[in-house]
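Under the working numbering, think of the first position of the sequence shown as 14, with each following residue one higher. Ideal Cβ placement from N, Cα and C applies to all residues, glycine included. All figures in this text were calculated on a predicted structure; none of them were measured in a lab.
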Amino acid sequence: MRSVANPVRPAEAGRAVPAPAVGVRAFREAMGEFPTGVTVVTVASGHGTMHGMTVNSFSSVSLDPMLVLVCLNEKSRGLGLIERAGAFVVNVLSAGQQDVSRRFASRNRPAGSAMFDGVPFEPGVTGGPMLADATASFDCRLWQSHRAGDHLIVLGEVVALVHRPQLEPLIFHAGTYKALERGPRPRRAQLRVVR
14 MRSVANPVRP AEAGRAVPAP AVGVRAFREA MGEFPTGVTV VTVASGHGTM
64 HGMTVNSFSS VSLDPMLVLV CLNEKSRGLG LIERAGAFVV NVLSAGQQDV
114 SRRFASRNRP AGSAMFDGVP FEPGVTGGPM LADATASFDC RLWQSHRAGD
164 HLIVLGEVVA LVHRPQLEPL IFHAGTYKAL ERGPRPRRAQ LRVVR
């Protein structure tokens, strides 16, 4: 079997298009086909400044140590606060928190602590805001960060977590919020690692 060393290219109208011919908008629309959860990443500095931002680039990385990652725009104000605080919290939003997602995604949201007015939270172990009614919150110490294009991949070691399995997660797909179908929760599948 012969292999061709061509890069993987996004499809447009069912046909592959060379990557240099694909614009940012087409790339974003294609990436929007991947459903994600919605998180709000929060941070509190030692001198009382708090910040939050809606993020959907979130993943677990390692079980030992427990590591997660978020991808943040290199120009984000929150990124500088995370680097100075050395900590952050990832709050996985529940299906009823679309307004929270929109609030922390808005460029017009108030700055600092006023950003959290009307949003219930408790300080986590690191001092970062852990949002009430999130389906899960991961309180993290900054582990490492890596530059990747116009973003930084920020790794955090989980030092504390809150899990509310009775709440359904908020889903984002193709530019809109969605919810999982209601019904009995299936038994959790066990993934087997093949080495």
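inquiry  = Do P182 and G50 have their beta-carbon atoms positioned less than 8 Å apart in this structure?
reply    = Within the sequence shown, residue 50 is the residue found at index 37, counting from 1. Within the sequence shown, residue 182 is the residue found at index 169, counting from 1. Taking 8 Å as the Cβ cut-off, G50 and P182 qualify as a contacting pair.
task = Give a yes or no on whether the C-beta atoms belonging to G137 and V105 are separated by under 8 Å.
result = Counting from 1 along the sequence shown, the entry for residue 137 is found at position 124. Counting from 1 along the sequence shown, the entry for residue 105 is found at position 92. No, the Cβ-Cβ distance between G137 and V105 is not below 8 Å.
task = Measure the alpha-carbon distance for L155 versus I166 and round it to whole angstroms.
result = As a position in the sequence shown, residue 155 is number 142, starting the count at 1. As a position in the sequence shown, residue 166 is number 153, starting the count at 1. So the alpha carbons of these two residues sit roughly 11 Å apart.
inquiry  = Quick check on this structure: which residue in L174, A173 and R160 has the alpha carbon closest to the alpha carbon of K88?
reply    = Here residue 88 is taken as the residue at index 75 of the sequence shown, counted from 1. Answer by Cα proximity: R160.
query = Under 8 Å between the Cβ atoms of V113 and M143?
reply = Here residue 113 refers to the residue found at position 100 of the sequence shown. Here residue 143 refers to the residue found at position 130 of the sequence shown. No, they are not a contact pair.
inquiry  = Applying the 10 Å Cβ sphere with the 16-neighbour rule, what's the burial state of G141?
reply    = Start at 1 with the first residue of the sequence shown, and residue 141 comes out as number 128. Counting of Cβ neighbours within 10 angstroms places G141 among the buried residues, the total reaching 16 or more.
ask   = By how many angstroms is the C-alpha of A192 removed from the C-alpha of M128?
value = Along the sequence shown, one-based indexing puts residue 128 at 115. Along the sequence shown, one-based indexing puts residue 192 at 179. Taking the straight line from one Cα to the other gives about 26 Å.
ask   = What residue range is occupied by the uninterrupted beta strand (DSSP E) comprising Q157?
value = The count along the sequence shown starts at 1 and reaches residue 157 at position 144. For Q157, the enclosing beta strand (DSSP E) covers residues A149 to A161.
ask   = Between the beta-carbon of E170 and the beta-carbon of L80, is there less than 8 Å?
value = For the purposes of this step, residue 170 is taken as the residue at position 157 of the sequence shown. For the purposes of this step, residue 80 is taken as the residue at position 67 of the sequence shown. In this structure, E170 sits near L80, with a CB-CB distance shorter than 8 Å.
ask   = Exposed or buried, which one is H64 when buried takes at least 16 other CB atoms within 10 Å?
value = The residue given as residue 64 occupies position 51 in the sequence shown. So H64 ends up on the buried side.
task = Consult DSSP for V35 and reduce its assignment to one of helix, strand or coil.
result = Along the sequence shown, read from residue 1 onward, the residue named residue 35 stands at position 22. In the structure shown, the three-state DSSP call for V35 is coil.
ask   = By Cβ distance, which residues of its chain are closer than 7 Å to P172, with the 5 residues on each side in sequence left out?
value = In the sequence shown, counting from the first residue as 1, residue 172 sits at position 159. According to the sequence displayed, residue 172 carries Val and not Pro. Taking V172 as the centre and dropping the five residues before and after it, the same chain places the C-beta of V138, T139, D152, C153 and R154 closer than 7 Å to its C-beta, in chain order.
query = Expressed to the nearest angstrom, what Euclidean distance is found between the alpha-carbon atoms of F134 and S126?
reply = For this step, residue 134 is matched to residue 121 along the sequence shown. For this step, residue 126 is matched to residue 113 along the sequence shown. Going from the Cα of F134 to the Cα of S126 covers about 12 Å.
inquiry  = If you measure between the beta carbons of L85 and S58, is that distance less than 8 Å?
reply    = Residue mapping note: residue 85 aligns to position 72 of the sequence shown, counting from 1. Residue mapping note: residue 58 aligns to position 45 of the sequence shown, counting from 1. No.
inquiry  = By the three-class DSSP mapping on this structure, what secondary structure does R28 have?
reply    = Here residue 28 refers to the residue found at position 15 when the sequence shown is read from its first residue. Strand at R28.
First and last residue of the uninterrupted alpha helix (DSSP H) at G93 = By 1-based counting over the sequence shown, the position of residue 93 is 80. Looking at the DSSP string, the run of the alpha helix (DSSP H) that includes G93 is R90 to A98.
key: S150 versus V54, R38, M44 and A43, residue with shortest Cα-Cα distance   = Locating residue 150 in the sequence shown gives position 137, counting from the first residue. Shortest Cα-Cα distance from S150 to any of V54, R38, M44 and A43 involves V54.
ask   = In the structure shown, what three-state DSSP assignment does V113 receive?
value = For the purposes of this step, residue 113 is taken as the residue at position 100 of the sequence shown. Helix at V113.
key: Cα-Cα separation between A145 and F117, rounded to whole angstroms   = Mapped onto the sequence shown, residue 145 falls at position 132. Mapped onto the sequence shown, residue 117 falls at position 104. Roughly 15 Å between the two C-alpha positions.
Same chain only: Cβ atoms within 7 Å of R97, ignoring 5 sequence neighbours per side = In the sequence shown, counting from the first residue as 1, residue 97 sits at position 84. These residues qualify, in order along the chain: S58.
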